[in-house]
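Protein chains in written order, with my numbering: chain A, 442 to 761; chain B, 689 to 1245. Working notes, structure below.
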């Protein structure tokens, strides 16, 4: 019953064979190549050329003097970075917040997409979608202001919890380091949930309705349909987005932590970016900030290739 | 048709309606004080616009600002101001990294800009002949305003006094207390930390709510660089002035960090006690600056340690709401009566703060000439007091005073944006003190003006304590140490000292609130743990750099 449908779905994901690139092929696709050339040039100029600035990480960079006049210090900045006892903690924070955001982000977005997909009433569906993706357009400065008001000692969370007698006194959410990761996770979900579901909903709408009908005939209920058709149907999308997100796991970010972090929660809130800001740019040590940036880029590249490889082995869509 | 005529007529009168003020003696000649032939450049008719970056948040002056229009008229110079949005350190870092600077820069991070080569040395544009006023202004302090490499980069904005000067209003560091509290208990003498908190506690017991808001006894802002509210009090309480993160022995001139010594423990213990009595609310440690100001503006906060300029917006808001009695008076308290408080200081020359000209400015000489020309008594009167007849009046003895309406204007933010020099004036070198005709440079210092502008509760307060000015509540200001103040000593880019300072800052912000919010019996053991955290910080590097700076100042100044 389910297996026929699953097989059909799986057939869609047969791996493509590796072609040899021939001149004839290039000529056939020349319009596509011409269109992509400007973007390629853009990426080369803005993403690859500036990499020569990585040299800063091997110097004691002082602005105002040319790059060739700087003092070379080899790996000193990297040593400063990695041997600092704070670095492990900062790395832990970054990974933890990214992972939490990733897991929460994925699960909530997929669940909401699944639920929205089931709704037939178009107006309701549209309005829920619109309301849910509005926070995405707020800058984090505003969003953080809202969050800190909501979590304040007179804020709505404390008021509700006290009314329900769950707590006796207001809890200072932003002062406890151990709540910080949760707060960041929930705030990020609130902000990005609606936006993330858009892609999944789009992928879901591409699933062949005949599959649903076949499943209906086979006696599948709503949830079975979701599990056996919808989810496998959007699996390539999920996998690709997952690979991309894993590659960005060290990008837990600067804005949320900078805006919501307080002196008391810094042990839990400081990410690699924030560390590079406080000990790099703020005190004029640009080399340290560059070294941190290099570290992040290298790790991200390794992770992307690793995740891609995993996907290949599991027979899924790959990015590269 | 009639409507068009009317509109035209009104516009015409609006345009031509500038008051006929005799400003012929300004600008193109050098006023009454100096005869010289430096007016050649000042008369340069070709209009020029300078872009200026001001490293402080503020609002744009209006397009037809009175003062700016006068300057344009006489000198042909206009300005485009950019004000700071967000964090100054970040903006500085970004500006330096991009290498693009406006013509003129004003920033507290002067040293960073100097190190990046952003500023242009100014001494070639200043000399006895070319800029007589500027020369005269800075001549006694030439050594102080030179940077390490011997060049002058910044024109200090405050601290050069002529003749007498009185400090009337106080905007420096102090323990502030609501005037209403003092009034309620009949203006008692408050000299010690304990007496201060006892007073606050007594008032809180009597009035648990103010205007519907729960009363908050004490605020301690712990946000970002403004957290000196939390970090600095122990120094003052031990009788030292504001030297930043260190206390400097006045005899030996040796600096040492105080946040991990016995100078700091009693203060935080007291705060811990106050928290457990409900005087301090826990969320004072997680507010950001805006939330802090909002809280202060409700009028329900009885006291805080802060510097007056930091909460000036809240004070202005309370005055606008008519709640003068909820504003604050400064107190100079110490740990016990045997320690003499040192809060009020003599204005030290504010080196490294003021206009600096960037290496991308096309015409630095003209700007210097402008500053020189504005440093005459006539222009200073316009910049500080305003236009005679419009912003102030002159009595039979030649003393300036203001009418009630003129005073009200000075409290109106919108009016000020259209009629005063704003940050431009703020950053200019000034002829502070007293003018040659006996009038004070600043209206706030003119004794009669000051007194007349006071509200009733202020007069009551001053009379009760037997002083003439608010600043006198803090006692007399002793003569400054030669090397004062140590917080101006630059720490350099990425040096061990800079790293240590950042670490000290973080450690304090991380653990002090925890200590204060804990239970009283855990405080002592918690304090020992806290001291351990300092072991991994290179305090040595920080202290030795500051001491080096002090020794240099002792030598050069």
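Ideal placement from N, C-alpha and C gives every residue a C-beta, glycine not left out.
Alpha-carbon spacing of residue i relative to residue j, whole angstroms
i, j, result
"residue 741/A", "residue 473/A", "29 angstroms"
"residue 705/B", "residue 755/B", "With a pLDDT of 39 at residue 705/B, under the threshold of 50, the predicted position of this residue should be treated as unreliable, though the coordinate-derived value follows. Going from the Cα of residue 705/B to the Cα of residue 755/B covers about 15 angstroms."
"residue 724/B", "residue 841/B", "Any reading at residue 724/B is ruled out, since the residue's pLDDT is 38, under 50, leaving its predicted position unreliable."
"residue 531/A", "residue 1200/B", "21 angstroms"
"residue 953/B", "residue 513/A", "44 angstroms"
"residue 1039/B", "residue 806/B", "17 angstroms"
"residue 748/A", "residue 541/A", "18 angstroms"
"residue 752/B", "residue 1115/B", "20 angstroms"
"residue 941/B", "residue 866/B", "36 angstroms"
"residue 612/A", "residue 599/A", "7 angstroms"
"residue 526/A", "residue 546/A", "31 angstroms"
"residue 951/B", "residue 1027/B", "12 angstroms"
"residue 716/B", "residue 986/B", "Summary for residue 716/B: the model assigns pLDDT 41, below 50, so the residue's position carries little reliability; its value from the coordinates is reported in the next sentence. Each residue's alpha carbon lies about 49 angstroms from the other."
"residue 515/A", "residue 766/B", "48 angstroms"
Chain-ordered chain A contacts of residue i [CB-CB under 8 angstroms]
i, result
"residue 932/B", "Within 8 angstroms Cβ-Cβ: nothing; residue 932/B doesn't reach chain A, min ~15 angstroms."
"residue 1001/B", "Result: empty, since nearest Cβ-Cβ is about 18 angstroms, beyond 8 angstroms."
"residue 1217/B", "Within chain A, no residue comes near residue 1217/B; the closest Cβ sits about 14 angstroms away, beyond 8 angstroms."
"residue 1229/B", "Under the 8 angstroms cutoff, chain A gives no residues; its nearest Cβ is about 13 angstroms from residue 1229/B."
Neighbour list for residue i in chain A, Cβ cutoff strictly below 7 angstroms
i, result
"residue 910/B", "704"
"residue 971/B", "593, 594 and 613"
"residue 784/B", "504"
"residue 781/B", "722 and 723"
"residue 1056/B", "Those within 7 angstroms of residue 1056/B in chain A number zero; the least Cβ separation is about 23 angstroms."
Selected residue, minimal CA-CA separation from residue i, among the options
i, options, result
"residue 1105/B", "839/B, 878/B and 757/B", "757/B"
"residue 721/A", "518/A, 496/A, 510/A and 488/A", "518/A"
"residue 1054/B", "1004/B, 1240/B and 818/B", "818/B"
"residue 944/B", "1240/B, 1234/B, 1241/B and 1242/B", "1234/B"
"residue 860/B", "1177/B, 1034/B, 1074/B and 1083/B", "1034/B"
"residue 912/B", "688/A, 620/A, 607/A and 705/A", "705/A"
"residue 1099/B", "1143/B, 966/B and 1066/B", "1143/B"
"residue 851/B", "1197/B, 1125/B and 1190/B", "1125/B"
"residue 1247/B", "957/B, 1085/B and 1103/B", "Here chain B covers residues 689 to 1245 and nothing more, so residue 1247/B does not appear."
"residue 884/B", "902/B, 1066/B and 906/B", "906/B"
"residue 802/B", "680/A, 630/A and 725/A", "725/A"
"residue 996/B", "988/B, 887/B, 1137/B and 1015/B", "1015/B"
"residue 1068/B", "1004/B, 1050/B, 1127/B and 1049/B", "1127/B"
"residue 1119/B", "1065/B, 956/B and 1148/B", "1065/B"
"residue 1056/B", "1024/B, 1071/B, 1117/B and 1177/B", "1117/B"
"residue 882/B", "1020/B, 781/B and 1239/B", "1020/B"
"residue 719/A", "737/A, 735/A, 736/A and 699/A", "699/A"
"residue 766/A", "464/A, 500/A, 622/A and 756/A", "Any question about residue 766/A goes unanswered here, given that chain A covers just 442 to 761."
7 angstroms Cβ cutoff met for residue i and residue j
i, j, result
"residue 579/A", "residue 614/A", "no"
"residue 1031/B", "residue 924/B", "yes"
"residue 589/A", "residue 971/B", "no"
"residue 675/A", "residue 641/A", "yes"
"residue 1249/B", "residue 922/B", "An answer regarding residue 1249/B cannot be provided, because it is not within the stretch 689 to 1245 covered by chain B."
"residue 1162/B", "residue 821/B", "no"
"residue 1080/B", "residue 1095/B", "no"
"residue 832/B", "residue 1037/B", "yes"
"residue 1112/B", "residue 794/B", "no"
"residue 1171/B", "residue 1219/B", "no"
"residue 931/B", "residue 1175/B", "yes"
"residue 731/A", "residue 507/A", "no"
"residue 856/B", "residue 1157/B", "yes"
"residue 1110/B", "residue 843/B", "no"
"residue 1195/B", "residue 1221/B", "yes"
Residue i CB to nearest heavy atom of the ligand ZN below 6 angstroms
i, result
"residue 662/A", "This structure does not include the ligand ZN; it has no bound ligands of any sort."
Under 9 angstroms by beta carbon: chain A residues contacting residue i
i, result
"residue 1201/B", "616, 703, 704 and 705"
"residue 644/B", "This structure leaves residue 644/B out entirely; chain B is present only between 689 and 1245."
Closer than 7 angstroms at the beta carbon, the chain B residues around residue i
i, result
"residue 708/A", "1198"
Within-7 angstroms CB hit, residue i to chain D
i, result
"residue 1206/B", "Protein chains in the displayed structure are A and B, and chain D is not among them."
Relative to chain B, which residues along the region 481-514 of chain A have a C-beta separation below 9 angstroms, given in chain order?
From the region 481-514 of chain A, only 501, 502, 503, 504, 505 and 506 have a Cβ closer than 9 angstroms to chain B.
Quick one: which residues of the region 1175-1198 of chain B get their C-beta closer than 7 angstroms to a C-beta of chain A? List them in chain order.
Taking 7 angstroms as the Cβ-Cβ cut-off against chain A, the residues of the region 1175-1198 of chain B that qualify are 1181, 1182, 1186, 1187, 1190, 1194, 1197 and 1198.
Short-range partners of chain B found in the region 712-728 of chain A, where Cβ spacing is below 9 angstroms
Within the region 712-728 of chain A, 718, 719, 720, 721, 722, 723, 724, 725, 726, 727 and 728 place their CB atoms closer than 9 angstroms to a CB of chain B, listed in sequence order.
Name, going along the chain, the residues of the region 788-807 of chain B whose beta-carbon falls closer than 7 angstroms to a beta-carbon of chain A.
Taking 7 angstroms as the Cβ-Cβ cut-off against chain A, the residues of the region 788-807 of chain B that qualify are 800, 803, 804 and 805.
Using a Cβ-Cβ cutoff of 9 angstroms, what residues of the region 821-836 of chain B are near chain A? List them in chain order.
Answer in chain order: no residues at all.
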